[in-house]
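Numbered according to the working numbering, the sequence shown terminates at residue 531, and the numbering increases by one at each position without gaps. Everything below concerns the one structure shown next.
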Amino acid sequence: MKKWLKTIMVTTVGGAVLLAGCSGKTEEPKAENGQAKNFNAEGYPVVNEKITLNMMGSKAAIHGPWNEMVLFKEMEKMTNIHFEFNTPPQANYQEAKNLAFASRQLPDVFFNSLLTPDDEVTYGSQGYLIPLEELIEKYAPNLKKRMEANPDIKKSITTMDGHIYALPLIIDQPRAFVPNRLWLNGDWMESLGITKLPETTDDFYELLKQFKNGDPNKNGKADEIPMSNVKLNNLEGVLLPAFGLLGREVEVKDGKVRFNPVQNEYKEYLSYLNKLFSEKLLDNEMFVQTSQQMAAKGNSNQVGAFVGSAPDLVLKVAKPEDNYKHPMLAPLTSKFNSEKLTMRASNIRRGTFAITSNNKHPEATMRWVDYLYSDEGSRLGFLGNSYKWLDDAKTKWTFVSPEGVNAEEYRAKLTPDVGGQLPLIKEREFDSKRDNGKGLDYNKMVDEKLNPYAKREYPDVYFSSEEQKRLNVVKTDIKTYVEQMEAKFIVGQEPFTKWDDYVNTIKKMGLDEMLKIYQDAYDRWNKNK
């Protein structure tokens, strides 16, 4: 990680002692027009003489080394900007990111950065993340064009002080609205002669029991795991709506913000999971396993149901057409909720890219990232350079990977987009032209089965600095307590006779104050909608 030299200046104003930090960075020599002599405001390369910047980002387990990725190599050829990389593993990234801010040992650029709205407000107001709106206006024509075409983008990334501190992933395709999909092992269903898909939580429970007791993998062993997951990640997106709730945090219902983990329907949801867990219908290792460990179980034909974006991420699928064997469930209902619901994610993923105050070349850096918001740049960020059009009219394209190599594993060596979120555009029109061969058309499937029932739980808002400071205290404590108690209720360490005590504890921790902050932010957002 690049070290800072920080100078402390002591000044007295009105009797108060002020401490000011200076990074010690020097500005580039300027030409007569005020621009850096080495910088080109238009065209390529972005800089005439190569510059080197430091980049920090989250490295997923599936990624290859970032310095070997096609994305950065191609971008360097075009722009003349070279990066040195600090890529902590995804599991440790948040801690490393927080340490970078706390120690002021900042990179020049955060990329695939997982910056939270709290990070943007806190470190933006403190001057460690620089405002980007003027740089966008002058040096980011591609992003500017996207923002003008869809004003909600700018609204969604502008903080309360009027500044933009981080750039987003923009998803221009409905399938992104519903990222959580529940898949069933079609081989097991065929083995057991099951043809009807579950429609209610009771139906699903009965199916899982058949998976457990019917030896669907036909190995003569009781080694089936009817349903697997990693903690509660994404599970709430497919099962919680069956109980009438959207998500594990706040939700707007009839204009009023509520906190779902204290609702009675949430108690019923946890009770349902407890039943699955206690009967070993839900993987009893879910709270300690990784996604790789879950996938290993699936590849060994031990998993009957799971949440993910595609069957072949968990189950062993030899050929693309074999994905068709494994059905995706439509939203379930329950005796507590008769309406089909599913969670619709935002088409904006905030906090994917930021420039720090340590960066001596912010104009060049903005031009570098703006290429990713062009059609060509987005495709480079999404696929590397490993795709080809199949006809002169460019109506069909295919991803090209070496024979016998999993396509996603290969793509993860080309770009951190796999398992990450980059500042680019995910284009519905381009994606619809992909030649899946005999593979699943996920767009069509999600459009038919999930999108009609998808709803947002709470919009993309920002809080004021004062609101964020209070949330940092109140929400953090409440969220930690909820996560601890969820696990205890599910595994049976805490009986549901203690539910009222659990709710009262959350109220005492400042629930009303937290809800007021969320309500005020929602009312501001709704007023400006």
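For each residue, glycine too, the CB sits at the ideal point set by N, CA and C. Here the structure is a predicted model, which means the values were calculated and not measured.
Beta-carbon proximity of residue i to residue j, cut-off 7 Å
i    : j    : result
S336 : F245 : yes
I173 : N349 : yes
V180 : V240 : no
T206 : W190 : Note that residue 206 is Phe in the sequence shown, not Thr. Going by C-beta atoms, F206 is not nearer than 7 Å to W190.
I492 : I132 : no
W399 : P313 : no
P461 : W527 : yes
P218 : Y464 : no
Y455 : L343 : yes
V259 : L517 : yes
G188 : H84  : no
K52  : N82  : yes
L209 : P200 : yes
Q92  : A43  : no
Q423 : R351 : yes
Y271 : L242 : yes
H65  : A298 : no
L248 : E405 : no
N56  : E86  : yes
P90  : A98  : yes
S380 : L315 : no
Strand pairing of residue i, partner residues [DSSP]
i    : result
F308 : W185
L171 : R351
S336 : N339
K457 : M345
I159 : According to DSSP, I159 bridges with nothing at all.
M330 : W185
A356 : F112
H65  : According to DSSP, which records beta bridges pairwise, H65 is partnered with nothing at all.
I196 : For I196, which the question treats as bridged, DSSP gives no partner whatsoever.
L55  : F85
A102 : The partner list for A102 (beta bridge, DSSP) is empty, contrary to what the question assumes.
M229 : L284, A307
V49  : F41
T202 : T335
P322 : For P322, which the question treats as bridged, DSSP gives no partner whatsoever.
P91  : K61
CA nearest to the CA of residue i, picked from the options
i    : options                : result
K457 : A409, K471, E253, S466 : E253
L116 : N94, V316, S127        : N94
N262 : D120, L169, V484       : V484
V371 : K61, L73, K39          : L73
D540 : E251, W501, S273       : Beyond the ends of the chain as shown, which are 3 and 531, falls residue 540; an answer cannot be given.
F401 : P243, A409, G59        : A409
K490 : Y130, L169, Q96, K233  : K233
N325 : Y268, Y444, K61, K415  : Y444
K396 : F432, V407, L374       : F432
Y46  : F103, M80, K471        : M80
Q521 : D154, L317, L473       : L473
L382 : E429, V407, M345       : E429
E323 : N506, L442, S127       : L442
L171 : T507, Y412, K510, T354 : T354
T202 : A347, V49, F338        : F338
K471 : V305, M58, I519, G494  : I519
A104 : Y130, M77, K269, E515  : Y130
V505 : Q304, D163, N266       : N266
N215 : N235, E405, L194       : L194
T161 : E287, G306, Y125, A142 : Y125
N235 : P425, M288, F498, L169 : M288
V49  : G59, M77, D121         : M77
I196 : I480, K510, Y373, G306 : G306
Neighbour flag for residue i against chain B, beta carbons, 7 Å
i    : result
N219 : Of the chains in the structure shown, none is chain B; there is only one protein chain.
When the Cβ atoms of the segment 133-140 are set against those of the segment 361-368, are three or more pairs found closer than 8 Å?
Yes: the two stretches touch, three or more of their Cβ pairs being nearer than 8 Å.
Is it true that the segment 348-361 meets the segment 105-113, where meeting means three or more beta-carbon pairs spaced less than 8 Å apart?
The segment 348-361 is in contact with the segment 105-113.
Which ranges would you report for the alpha helix (DSSP H) in the segment 241-292 if only whole runs of at least 4 residues count?
As far as the segment 241-292 is concerned, its whole alpha helix (DSSP H) runs of at least 4 residues are 266-280.
Any contact between the segment 414-425 and the segment 380-392? By contact I mean 3 or more CB pairs, one from each, below 8 Å.
With a cut-off of 8 Å, the segment 380-392 and the segment 414-425 count as touching, because enough Cβ pairs lie within range.
So within the segment 364-443, which uninterrupted beta strand (DSSP E) runs reach at least 3 residues, ignoring any that extend past its ends?
Unbroken beta strand (DSSP E) stretches of 3 residues or longer found wholly inside the segment 364-443: 389-391, 399-401, 427-429, given in chain order.
Which full runs of the beta strand (DSSP E) of 3+ residues lie inside the segment 110-138, going along the chain?
Runs found: 111-113.
Counting pairs of beta carbons, one from the segment 221-233 and one from the segment 424-437, are three or more of them closer than 8 Å?
The segment 221-233 and the segment 424-437 do not touch, with fewer than 3 CB-CB distances between them shorter than 8 Å.
Tell me, please, whether the segment 447-464 touches the segment 327-334 by the rule of three or more beta-carbon pairs shorter than 8 Å.
At 8 Å Cβ cutoff, the stretches touch.
Are three or more beta carbon pairs between the segment 289-300 and the segment 140-157 nearer than 8 Å?
Too few Cβ pairs lie closer than 8 Å, so no.
Ignoring anything shorter than 4 residues, give me the alpha helix (DSSP H) runs that lie fully in the segment 448-525, in order along the chain.
With a minimum length of 4 residues, the continuous alpha helix (DSSP H) runs that stay inside the segment 448-525 are 467-493, 501-510.
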